[in-house]
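Undergrad:
Protein chains: 4
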Amino acid sequence: MFELQLEPVQEGCDSHTSASGCTIFLGYTSNLISSGVRESIRYLAQHRMVDVIVTTAGGIEEDFIKCLAPTYLGEFSLKGKELRQQGINRIGNLLVPNDNYCKFEDWLMPILDQMVLEQKTEGTHWTPSKMIHRLGKEINNPDSVYYWAYKNDIPVFSPALTDGSLGDMIYFHSYKNPGLVLDIVEDIRRLNSKAVFAETTGMIILGGGLVKHHIANANLMRNGADFAVFVNTGQEFDGSDSGARPDEAISWGKIRMDATPVKVYADASIVFPLLVAETFAHNASRLIKEKKSD
Amino acid sequence: MFELQLEPVQEGCDSHTSASGCTIFLGYTSNLISSGVRESIRYLAQHRMVDVIVTTAGGIEEDFIKCLAPTYLGEFSLKGKELRQQGINRIGNLLVPNDNYCKFEDWLMPILDQMVLEQKTEGTHWTPSKMIHRLGKEINNPDSVYYWAYKNDIPVFSPALTDGSLGDMIYFHSYKNPGLVLDIVEDIRRLNSKAVFAETTGMIILGGGLVKHHIANANLMRNGADFAVFVNTGQEFDGSDSGARPDEAISWGKIRMDATPVKVYADASIVFPLLVAETFAHNASRLIKEKKSD
Amino acid sequence: MFELQLEPVQEGCDSHTSASGCTIFLGYTSNLISSGVRESIRYLAQHRMVDVIVTTAGGIEEDFIKCLAPTYLGEFSLKGKELRQQGINRIGNLLVPNDNYCKFEDWLMPILDQMVLEQKTEGTHWTPSKMIHRLGKEINNPDSVYYWAYKNDIPVFSPALTDGSLGDMIYFHSYKNPGLVLDIVEDIRRLNSKAVFAETTGMIILGGGLVKHHIANANLMRNGADFAVFVNTGQEFDGSDSGARPDEAISWGKIRMDATPVKVYADASIVFPLLVAETFAHNASRLIKEKKSD
Amino acid sequence: MFELQLEPVQEGCDSHTSASGCTIFLGYTSNLISSGVRESIRYLAQHRMVDVIVTTAGGIEEDFIKCLAPTYLGEFSLKGKELRQQGINRIGNLLVPNDNYCKFEDWLMPILDQMVLEQKTEGTHWTPSKMIHRLGKEINNPDSVYYWAYKNDIPVFSPALTDGSLGDMIYFHSYKNPGLVLDIVEDIRRLNSKAVFAETTGMIILGGGLVKHHIANANLMRNGADFAVFVNTGQEFDGSDSGARPDEAISWGKIRMDATPVKVYADASIVFPLLVAETFAHNASRLIKEKKSD
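Line order of the protein sequences matches chains A, B, C and D. By this note's numbering, the letter at position 208 of the first sequence is numbered 208, and the numbering carries on one by one without gaps. Add 294 to a position in the second sequence, counting from 1, and you land on the number used in this note's numbering. Add 588 to a position in the third sequence, counting from 1, and you land on the number used in this note's numbering. Add 882 to a position in the fourth sequence, counting from 1, and you land on the number used in this note's numbering.
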């Protein structure tokens, strides 16, 4: 099914708006960066197999933090109180020591100083996507998803970038060195343009919430994506967008009426590596060659 | 259980940061505004029973749109293609005609013009929460949650305010009258300060995703909320924050170690009206009197 | 919706196969008897508001055990090992001490002796439904669902009656006093006949698994139930009958093609008491009078 | 994880109650036989890699029906009414024509005649497990799970064997040739003995409902299984046994206090073939040799 679904996304397009001719929007929630799915995402960014990324604040910062110190495997059942007393934060069955966030602070604060400086002296108009681009450059580490997004000019959108440790740092920093502005208007223009000017688009969305809605809403601006794959464990009965079937998106014009979208009701950490292996990685030699010959 | 959980949030506090002494953060996803839960939320805002609101873009715009034209009851199984051909958008089992969004555009565009003007002439530094405050004033309709939030000075945060119809309008408007800036840095300062300077805090969070994480993260800034009630249908097994049990938040310091948080595994549209009836509404005469005597 | 759904089940029928003219099949999983939903079910049996009951072994035995000793409210998170060491068994957030099962054994063993005796001396051909009828008579307690089922001649089917504490007791007893036979063939004849000879039928099924399939399969014998209400938290994506939508049952002829079945995606312990209150209890005076005048 | 979990089940045991020394109970719901997981289960039965099987009526009959005519791949969204009009039954996204059940009837009826004859002339005391054993012999087809269970003397328990097409046939047949008795008491003795006399036991349970409870309850008779792997999508919050975590089974003594049971929150049709590949199949040459040398 995925073979059929994804093949056309890769082929039969000759637009100039994306490397492949088909603009692929990839969205994922932060837990997937915390988990081992990060490596599959990094692979896609490294080889320019996706064109636009949307994620949450945690989906950004946890990638950088993993470059600074490791995340550990724990258990879902570990007691919050005992972990708190030991300075360990739990993300599902993963554990991140407080010290990792201290390292992140040490790394980030001088960059924030520099950003404020550039805003004041060069008039830089910062947006979340520009900040992520800069951080991808600064981390300078091939393990990072956003290093490769920087290298390969893949824009990464995260409108609520302050909703996480990055926001904590920005908050603390604003008392020492105030004035930073992060504008979300310029980013919505940039994201929507990616959809509007694409010849064909495909959406691969892991999880729900903001990342699912944001990509689908951008594709509404072009009367719908041509291809769509949703992977999540959400259910429609509570009326949430997270659990909505692709057919709801068709009513909005977020997916084209003649598309054949797919929803995989499964944990992305189980199925996404399998999907990447059987689609992008399986066709890697051809896909990478096509990109190079652009 | 809720009686016990909520009682202390209402009583035994005498801080000056919130009307009641206890700062209650209410979060909810957009589908709850689309559904009839909106009326319960409006009731809480009208009577100043909550102190801070966090929601998504849809949670903002659907409230205003409902003031302009009705939402209809449909079925989850209505075909997306047929709805699209009739210009009807589906939200779970609810239906919103395209025409409602046209009315929203007609209402919003002059306000956006005015906002750009004020930015340019008065130096107004717009943030999502300031924009919502202004829209609540402009709608001037007692059916609206945000009219009451405006009247009662309840700040409403929505950092990804561009993720929805509001973003579409801002995007279109930016070509006709460019320059609007919506800064999320000032809002994170404002939100975190609400938590940091509160004597005690309580979190009531309906649904997952950004609204759940954003309130919990703000409460991390004060080493944890004193009270927490989560209502959602998410599960922890996929490692998402949406489905995480409150005990995960304790490991982070988002809920205090000695708190007794509750997660209700249920559709908020069924249980939230029951919860409000048995807690806030049951104690309404006392709660409202306390607020008035501030 | 339930008002509409259930009204016709109660009215407009004049068959002689059931007290009301409409044969209502009620199914529920054992946890609902362990929980407070038992009282709603007992109410329906007491007032002959349902005509056929299907449940699992636990749905039978926990009703009797509650007549012998109380079930306690605990927590989902209580540690299994510690409970085991204290001789306490957990059912969700409910606790049942081992001693309750000892009392059940003391009550049941003489009845099993008597059943074996009757089989040997009178040629009684025991089936699960006949055994449940006898136990309902023996318990002689108006708190018991099956006491009222016995009093009101409501047959109760549970083909896998050995799958629980009853089975444990039957297993132990078979070494002391062997020979008891429980035949499931006579019961399937009896259950299917209830559907085949009914003028109209309605199915109210709480939860999934055997109870859902068994009632629906019996209604297949009559080319489908006229009315159907499913209440469960199951999802269809894994292909299980538990989570299947009513529309799947229409393909089988388990529900009529022109029926308007309803699936409520919710925890029955929250919604079933509300449903009973708004339908059966709301119309109680009329329903009870109709039954009496039969 | 599964490697670790299952290794000890295969090794380090030297009892004589099972081929391997460790008695492995495998349970699964009927949808898994309808799906392609049947082939993984058949593989385990063929190579005597499991010792006891528990399934529902559908889990029995669909295996035989697949030997008589194919099941087709459809869609979850196919309309029940249209399928009914075409004589096609839907099981999730699978389709089974009515004609398949006619073929099943043609095959089964003479066997039922023979069973009644043997009961009357030879005093055969039929139980569900004995009937399944006979059907496995009669089907005589290496594609069948129960052919291999018959060949390898793996008992298969299904106490509610009348809950499905088998029950329909037995019901129809009982009017033409009455008298068949299927006793569930002898089967509970046989199943419980399998657990009681085993040196060590392991439970592998796919899905919930009867199959999960029945295997766990049998292991209660020996104070708990030594190893347990549950694979299902159920959640604990509604208090059902289907969704209960293994820790609930520890409170009952269904799993040993010192065991390290695992629950995989996933669709068995995705993960079970992967699990079999990495455990049983990976060690196949050694496992098969051990069995042969018994």
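We treat Cβ as the ideally placed atom computed from N, Cα and C, and that holds for glycine.
#1: Between the beta-carbon of L411(B) and the beta-carbon of A562(B), is there less than 7 Å?
#2: Taking the alpha helix (DSSP H) that M719(C) falls in, what are its first and last residues?
#3: Give me the Cβ distance between F280(A) and L287(A), rounded to the nearest whole Å; I'm assuming they're in contact under 8 Å.
#4: So is K414(B) buried or exposed if we call it buried at 16+ other beta carbons inside 10 Å?
#5: Give me the Cβ distance between L955(D) and I772(C), rounded to the nearest whole Å; I'm assuming they're in contact under 8 Å.
#6: Looking at C-alpha atoms only, which residue of G501(B), P449(B), A489(B), D481(B) is the closest neighbour of F521(B)?
#7: In three-state terms, what does DSSP make of I382(B)?
#8: Return the chain-ordered list of same chain residues with a C-beta closer than 6 Å to the C-beta of D241(A), the five sequence neighbours on each side being excluded.
#9: Under 8 Å between beta-carbons, which chain B residues line up against H214(A)? List them in chain order, please.
#10: Does the Cβ of C895(D) have 16 or more other Cβ atoms within 10 Å, making it buried, or fewer, making it exposed?
#11: Give me the subset of the stretch 255-283 of chain A whose CB atoms are less than 8 Å from a CB atom of chain D, sorted by chain position.
#12: So V1067(D) contacts chain C; which residues on that side make the cut at Cβ distance below 8 Å?
#13: Are the C-beta of R189(A) and some C-beta of chain B separated by less than 7 Å?
#14: Using the DSSP secondary-structure output, state which residues sit across from T494(B) in a beta bridge.
#15: Grouping DSSP H, G and I as helix and E and B as strand, with all else coil, what is F531(B)?
#16: List the whole-angstrom C-beta distance separating T323(B) from L500(B), where the pair is believed to meet the contact cut-off of C-beta under 8 Å.
#17: How big is the Cα-Cα spacing for G680(C) and C67(A)?
#18: For the beta strand (DSSP E) containing A813(C), name the first residue and the last one.
#19: At 4 residues or longer, and completely inside the stretch 539-573 of chain B: list those alpha helix (DSSP H) runs for me, N to C.
#20: Are the CB atoms of G321(B) and V344(B) nearer to each other than 7 Å?
#21: Can you name the start and end residues of the alpha helix (DSSP H) that T415(B) belongs to?
#22: Would you mind stating whether Y441(B) and I433(B) have Cβ atoms separated by less than 7 Å?
#23: So which residues of chain D does S828(C) contact, with C-beta pairs closer than 7 Å?
#24: Kindly list the residues whose CB is nearer than 6 Å to the CB of R924(D), restricted to its own chain and excluding five residues on each side of it in sequence; keep chain order.
#25: Between the alpha carbons of N100(A) and A69(A), how many angstroms are there, rounded?
#26: For A1131(D), which option in T1115(D), V1146(D), F1119(D), N1105(D) has the closest C-alpha, if you only look at C-alpha atoms?
#27: I'd like to know whether the C-beta atoms of I947(D) and S1040(D) end up nearer to each other than 7 Å.
#28: Taking Cβ to Cβ, would you say R504(B) is nearer than 7 Å to T317(B)?
#29: Verify the CB distance criterion: does N1074(D) have a CB-CB separation below 7 Å to chain C?
#30: Residues of chain C with a CB under 8 Å from the CB of Q119(A): which are they?
#31: So G752(C) packs on G668(C), CB below 8 Å; how close in whole Å?
#32: Residues of chain C with CB under 8 Å from Q235(A), in chain order?
#33: Check whether the Cβ atoms of F76(A) and E530(B) sit closer than 7 Å, and answer yes or no.
#34: Does the beta carbon of F958(D) come closer than 7 Å to any beta carbon on chain C?
#35: Going by C-alpha to C-alpha distance, which of V934(D), Y1057(D), G1125(D), N1059(D) sits closest to G903(D)?
#36: Are the C-beta of G624(C) and some C-beta of chain D separated by less than 7 Å?
TA: Reading from the atomic positions:
#1: With respect to the 7 Å criterion, L411(B) and A562(B) are not classified as neighbours on the basis of their beta carbons.
#2: Taken as a continuous stretch (DSSP letters only), the alpha helix (DSSP H) holding M719(C) covers 716-727.
#3: Rounded to the nearest angstrom, the Cβ distance from F280(A) to L287(A) is 7 Å, consistent with a contact under 8 Å.
#4: Under this definition K414(B) is an exposed residue.
#5: The pair is not a contact, with the Cβ atoms about 33 Å apart (cut-off 8 Å).
#6: The residue with the shortest Cα to Cα distance from F521(B) is A489(B).
#7: DSSP places I382(B) in the strand class (E or B) of the three-state scheme.
#8: Here the set comprises H213.
#9: Going along chain B in sequence order, the residues near H214(A) (Cβ under 8 Å) are A454, D457.
#10: Confidence in C895(D) is poor, its pLDDT being 40 and thus under 50, which makes the residue's placement too unreliable to answer from.
#11: Those residues of the stretch 255-283 of chain A that come within reach of chain D (Cβ to Cβ, closer than 8 Å) are Y265, A266, D267, I270, V271.
#12: Simply T750, I758, S762, L768, V769, L770.
#13: Chain B, which has a Cβ nearer than 7 Å to the Cβ of R189(A), makes this yes.
#14: DSSP output for T494(B) lists C316(B) as bridge partner(s).
#15: Coil.
#16: Confirmed, Cβ separation roughly 7 Å.
#17: Straight through space, the alpha carbons of C67(A) and G680(C) are spaced by roughly 41 Å.
#18: No beta strand (DSSP E) holds A813(C); DSSP gives it neither H nor E.
#19: Segments of the alpha helix (DSSP H) lying fully in the stretch 539-573 of chain B: 540-546, 562-572.
#20: Against a cut-off of 7 Å, the Cβ pair of V344(B) and G321(B) comes out as no contact.
#21: T415(B) -> alpha helix (DSSP H) spans 392-416.
#22: Yes, these two residues count as a Cβ contact at 7 Å.
#23: Within chain D, the residues near S828(C) are T911, N913, G1089.
#24: These residues qualify, in order along the chain: V1027.
#25: If I take the Cα positions, the gap works out to 6 Å.
#26: Relative to A1131(D), the option among T1115(D), V1146(D), F1119(D), N1105(D) whose CA is nearest is N1105(D).
#27: For I947(D) and S1040(D), no; Cβs fall outside 7 Å.
#28: The displayed chain sequence assigns Leu, not Arg, to residue 504(B). Their beta carbons are not under 7 Å apart, which means L504(B) does not touch T317(B) by this criterion.
#29: It does: the Cβ of N1074(D) has a partner Cβ on chain C nearer than 7 Å.
#30: Per Cβ cutoff of 8 Å: no residues; Q119(A) is ~48 Å from chain C at best.
#31: Between G752(C) and G668(C) the beta-carbon gap is near 19 Å, outside 8 Å, which marks them as no contact.
#32: By Cβ distance, chain C contributes Q823, Y853.
#33: The answer is yes: Cβ separation under 7 Å.
#34: Output row for F958(D): interface = yes.
#35: When only C-alpha atoms are compared, the closest one is V934(D).
#36: No - not a single Cβ of chain D is within 7 Å of the one on G624(C).
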